[in-house]
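See structure below.
In the UniProt record's numbering, the protein residues as written are 1 to 178.
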């Protein structure tokens, strides 16, 4: 199988029937672990995040001081990295070390100033973004779904689903549903 075929196979919608629905990924993972502990063939399962949303958590306000300090610090680490190579290839220790750190800090400061200045104040905050799901469904191959649902049903926190195929899965596709 070529790499391209493998990538296409990984991007297919999971087939199976929902056997449990959970509020967190950890709960869905615990359900799969519960099934594994009972010798259930877990290769027939998939955890699917449903109702995906992008969440951007604001971590702080950006100021020139913060931007320049962060740029200098990042540059100093890059300078240290290159200085270590320089030290390996040369006789001295302190001169290459200090030169690398100082030059890295200066270049990091300059690049941070240029990057931040180019935004024109349009984004004066730092943040990180993540994709989260509203719920996590455990899907199982149809031939073992009833058994998996029954094993999960006794778990606390599980909300077993009706024995129906997942939307758009195991149903014939028409031109309208493609």
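Glycine is no exception: its CB is placed at the ideal position from the N, C-alpha and C atoms.
field: Segment limits, alpha helix (DSSP H) that includes residue 103
entry: Residue 103 sits at position 103 when you count from the first residue of the chain shown. First-last of the alpha helix (DSSP H) with residue 103: 94-119.
query: Based on Cα-Cα distance, which residue from 126, 40 and 106 lies nearest to residue 150?
result: Counted from its first residue, the chain shown places residue 150 at position 150. The candidate whose alpha carbon is nearest that of residue 150 is 40.
Inside the region 41-91 only - alpha helix (DSSP H) runs reaching at least 4 residues: 64-89
query: Sorted by chain position, which residues of the same chain lie with C-beta nearer than 7 Å to residue 86's C-beta, five sequence neighbours on each side aside?
result: Taking the chain shown and counting its residues from 1, one reaches residue 86 at position 86. Correct list, in chain order: 96 and 100.
task: Can you tell me which of 24, 37, 48 and 22 puts its alpha carbon nearest to the alpha carbon of residue 13?
output: By 1-based counting over the chain shown, the position of residue 13 is 13. Residue 13 has its Cα closest to that of 48, out of 24, 37, 48 and 22.
task: Classify residue 178 as helix, strand or coil using the three-state DSSP reduction.
output: For this step, residue 178 is matched to residue 178 along the chain shown. Reliability fails at residue 178, whose pLDDT of 38 lies under 50, so the model's placement of it is uncertain and the value that follows must be treated cautiously. Residue 178: coil per DSSP, three-state reduction.
- prompt: What separation, rounded to the nearest whole angstrom, lies between the Cα atoms of residue 53 and residue 27?
  reply: The residue given as residue 53 occupies position 53 in the chain shown. The residue given as residue 27 occupies position 27 in the chain shown. Each residue's Cα considered, the two are about 19 Å apart.
field: Element boundaries [alpha helix (DSSP H), containing residue 33]
entry: Within the chain shown, residue 33 is the residue found at index 33, counting from 1. Here the alpha helix (DSSP H) through residue 33 covers 25-37.
Beta-carbon contacts of residue 124 that lie in its chain and below 7 Å, excluding the five residues immediately before and after: For this step, residue 124 is matched to residue 124 along the chain shown. Same-chain partners within the cutoff: 61 and 62.
message: Which of the three DSSP states is assigned to residue 124 in this structure?
response: Walking along the chain shown from the start, residue 124 turns up at place 124. Residue state, collapsed to three classes: coil.
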